[in-house]
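Okay, so here's the structure we're looking at.
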């Protein structure tokens, strides 16, 4: 089926080469990082994880959100989602690959990556994260490819796929749960030390992921002959608004606990993010922007008339997606490290090379996504013809 | 569909490129290097283990030294009744102080680049 | 041999976990190692040096009654010189094994509005606590940081992949990462101790290399009696006697990490 990605219009090829250019440019910065070390990033002794791990965390959510299509379709027999199921799974695949690339970009000694397998360490959450992430990638590859192949041949998918699809539901939950466990099990980091971190991660994932999928659906409708469907898009928008409200609810629970109990270890980080601490507040405008975007996204999506207008819907989804990207990426990671365990404030902001490397990873993800979607649309067009 | 010529040309190019290292070096194999021993090593006559073992297995030996020293606090290596401090910098390089003529020669020949010296020091006079 | 078998079992474990693609590699590697072990005819023994200092659980007492800024400087210099700790100009790349800070930073959960005056600006030396229950060891995905039988929490720089999970896990900010090659920032290299390479984490090692040859940690030697080192499990040790007679506190005891460093106040 991959051959479908080799035949495309002029604009398809321009897009592919633009992405390749972006990847190539970013890769030169990665070579520089390999040579010099992670010192070219904005990370420091106090903020030891930054933009890369933030993107990783966010994208795990995007990948996990495919389950928001799987559950209605396979468990509740909601047929409409059958039409865009593969799109969700392909999005999960490219997100997973970006996650892995971000982890590699963040390692000080990437050549030793396989030490994680050579010395398996069950008491480390990173070990489990590696298992669930690679497992999820595998599941989605197997399922999406086989289902699409069956569809192309106009036969029902193979029976052995069913148990794997059912497995993918708890597995999707597990990838984001274990990713939250990376943070929330650390004794000295008050901002992350909360049992609601995993649920909150999932809620924001189920808002951000489907919001992005709606945008992808609208783009696919515009640039190809395949229409993902109005009902599908409308149903997804309800998933987005439920997820986004749950995310804000969990966030407000956090705010309440921190502010009412007034325990400094928990309160200081929120204060740093939203009001600044000891005169430092580089993230303050970002955090308020994120909140404004998420809240206006919710309001727009809650109004049926607004939601049903696809132009407004697109804006609402973009707001939701960007808002969660800022909050979950930069805010969640950097916010946990400032102030540091000695209660000193040393701020973090990504450097230009760091951002370029991240852009290259996103370029790779979009390249994979483009190719996969091209195959998907190609099959759909072939069937329609 | 008659792509036979294209396929054959493609295959030929692939085989040519794939076997590049073989035909490029044909008949021009570099001779194995002779390692030079430092005066101290010559005087000692025998290394920690016999020469044949050291030549073939020194990396395994060093691996063992490193794990025992770093992880188990077993810093003394006893073999055939003789004791050595298991240290690359302070034991090996004490005798084999000529890194360029001793270590690098062979490593370069077999094209390996061990990162021992990224951290472990070697006698200063060897620094160039 | 024992090591080989252990490695083999670990490999087998990985294979069972479904990473079948590795099984090929696994077969090759373990065969190689076993074969080479088979060729070995010599009697090999690894042991501790005859004069090595040993303990059930190493610990440190910091006597803040003696501490001065000058002593802190001496300790820091002794440690950083002994261990080839680089001195980077860029603060983001900073590496430190032992340093001094104010009471409110060393004990942020014990800050008081009306603190005894002496503590307002008293320099408190801080370093790795060598916790009995170390979160960093729990977090490390490769066992590159590990706890030795005598309580020392150490780094295996050969194994560290530089994920910095241990740094997020440490509640004391005791760890540093080599954001760049440290060698160019080391002024007087100590040839007896290795440097590090870029991309690995490092921290205080309670001078494991000095204990092995019968010497106390370098900071203790330079401390004019402000730091006392010994076996926490030995009721007859000097530090246990000190702790019996003086009130001492530990950093962030409430987290359950069980630090091995006590501060007499």
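Chains as they are written, first to last, in the working numbering: chain A, 3 to 387; chain B, 2 to 129; chain C, 30 to 294.
We treat Cβ as the ideally placed atom computed from N, Cα and C, and that holds for glycine.
Roughly how many angstroms separate the alpha carbons of residue i and residue j, rounded to a whole number?
i: residue 91(B); j: residue 221(C); result: 6 angstroms
i: residue 157(C); j: residue 260(C); result: 16 angstroms
i: residue 89(C); j: residue 266(C); result: 11 angstroms
i: residue 159(A); j: residue 26(A); result: 38 angstroms
i: residue 182(A); j: residue 131(A); result: 10 angstroms
i: residue 225(A); j: residue 142(A); result: 25 angstroms
i: residue 61(C); j: residue 61(B); result: For residue 61(C), the pLDDT reaches just 35, beneath the cut-off of 50, and the residue's location in the model is therefore unreliable, although a value from the coordinates is still provided. Their backbone Cα atoms lie some 11 angstroms apart in a straight line.
i: residue 83(B); j: residue 268(A); result: 59 angstroms
i: residue 412(A); j: residue 340(A); result: Any property of residue 412(A) remains undetermined from this structure, which presents chain A solely from 3 to 387.
i: residue 383(A); j: residue 16(A); result: 21 angstroms
i: residue 314(A); j: residue 376(A); result: 27 angstroms
i: residue 210(A); j: residue 306(A); result: 20 angstroms
i: residue 318(A); j: residue 4(B); result: 52 angstroms
i: residue 93(A); j: residue 215(A); result: 8 angstroms
i: residue 33(A); j: residue 39(A); result: 10 angstroms
i: residue 325(A); j: residue 303(A); result: 14 angstroms
i: residue 99(C); j: residue 233(C); result: 20 angstroms
i: residue 94(C); j: residue 342(A); result: 27 angstroms
i: residue 109(B); j: residue 48(A); result: 40 angstroms
i: residue 175(A); j: residue 48(B); result: 58 angstroms
i: residue 79(A); j: residue 204(A); result: 23 angstroms
i: residue 192(A); j: residue 217(A); result: 36 angstroms
Using a C-beta to C-beta distance shorter than 8 angstroms, which residues of chain C count as neighbours of residue i?
i: residue 111(B); result: Here the premise fails: no neighbours, minimum Cβ distance about 16 angstroms.
i: residue 333(A); result: Simply none; closest approach about 16 angstroms.
Leaving aside the five residues before and after residue i along the sequence, list all residues of the same chain whose C-beta is less than 7 angstroms from its C-beta, in chain order.
i: residue 228(C); result: 191 and 207
i: residue 115(C); result: 124, 211, 214 and 215
i: residue 75(B); result: 69
i: residue 196(A); result: 186 and 256
i: residue 148(A); result: 159, 160 and 163
i: residue 201(A); result: 252
i: residue 194(C); result: 168, 169 and 170
i: residue 35(B); result: none
Whose Cβ in chain C lies nearer than 7 angstroms to the Cβ of residue i?
i: residue 101(B); result: None at all; the shortest Cβ gap to chain C is about 17 angstroms.
i: residue 26(A); result: Residues of chain C passing the Cβ test: none, with the nearest at roughly 24 angstroms.
i: residue 117(A); result: 171, 188 and 190
Using a Cβ cut-off of 8 angstroms, pull out every chain B residue sitting near residue i, in sequence order please.
i: residue 226(C); result: 116, 119 and 120
i: residue 237(C); result: 74
i: residue 187(C); result: 67 and 71
What does residue i pair with, by DSSP beta-bridge criteria?
i: residue 277(C); result: 293(C)
i: residue 83(B); result: 80(B)
i: residue 75(C); result: 78(B)
i: residue 155(C); result: 128(C)
i: residue 3(A); result: DSSP, once it has assigned bridges, lists no residue as partnering residue 3(A).
i: residue 184(C); result: 174(C)
Can you list the residues of chain A that residue i reaches, using a CB-CB cut of under 9 angstroms?
i: residue 91(C); result: None at all; the shortest Cβ gap to chain A is about 16 angstroms.
i: residue 122(C); result: 39, 41, 46 and 47
Under 7 angstroms between beta-carbons, which chain A residues line up against residue i? List them in chain order, please.
i: residue 242(C); result: Under the 7 angstroms cutoff, chain A gives no residues; its nearest Cβ is about 29 angstroms from residue 242(C).
i: residue 137(C); result: 344 and 345
Give the interface partners of residue i over in chain C, defined as CB-CB distance under 9 angstroms, in chain order.
i: residue 90(B); result: 220, 221, 222 and 223
So, for residue i: in the same chain, excluding its five sequence neighbours on each side, which residues have a beta-carbon less than 8 angstroms away from its beta-carbon?
i: residue 370(A); result: 95, 96 and 99
i: residue 20(B); result: none
i: residue 223(C); result: 113 and 186
i: residue 53(C); result: Because the pLDDT of residue 53(C) is 39, which lies under 50, any placement of that residue in the model is unreliable, and the question is left without a value.
i: residue 47(C); result: The predicted model places residue 47(C) with a pLDDT of 45, which falls under 50 and marks its position as unreliable; any figure quoted below should be read in that light. Cβ within range, chain order: n/a, list empty.
i: residue 130(C); result: 152, 153 and 155
i: residue 121(C); result: 208
For residue i, which residues of its own chain have a beta-carbon under 6 angstroms away from its beta-carbon, when the five flanking residues on both sides are left out?
i: residue 379(A); result: 226 and 228
i: residue 179(C); result: 84 and 87
i: residue 207(A); result: 63, 66, 67 and 178
i: residue 372(A); result: none
For a contact meaning CB atoms closer than 7 angstroms, what does residue i contact in chain B?
i: residue 71(C); result: 50, 80 and 81
i: residue 258(C); result: Within chain B, no residue comes near residue 258(C); the closest Cβ sits about 16 angstroms away, beyond 7 angstroms.
What does residue i reach in chain A if we use C-beta pairs closer than 8 angstroms?
i: residue 180(C); result: The premise fails here: residue 180(C) is roughly 18 angstroms from chain A at the closest Cβ pair, so nothing lies under 8 angstroms.
Validate contact between the stretch 180-194 of chain C and the stretch 77-95 of chain B using beta carbons, cut 8 angstroms, 3 pairs: no
Stretch pair the stretch 327-342 of chain A + the stretch 57-71 of chain A: three plus CB contacts closer than 8 angstroms: yes
Touching by the beta-carbon criterion (3+ pairs, under 8 angstroms), the stretch 233-251 of chain A and the stretch 75-94 of chain A: yes
Stretch-stretch touch, CB-based, cutoff 8 angstroms, three pairs: the stretch 277-287 of chain A with the stretch 240-257 of chain A: no
Stretch pair the stretch 104-119 of chain C + the stretch 238-255 of chain C: three plus CB contacts closer than 8 angstroms: yes
contact_flag[the stretch 342-358 of chain A, the stretch 143-151 of chain C] where n(CB pairs < 8 angstroms) is 3 or more: no
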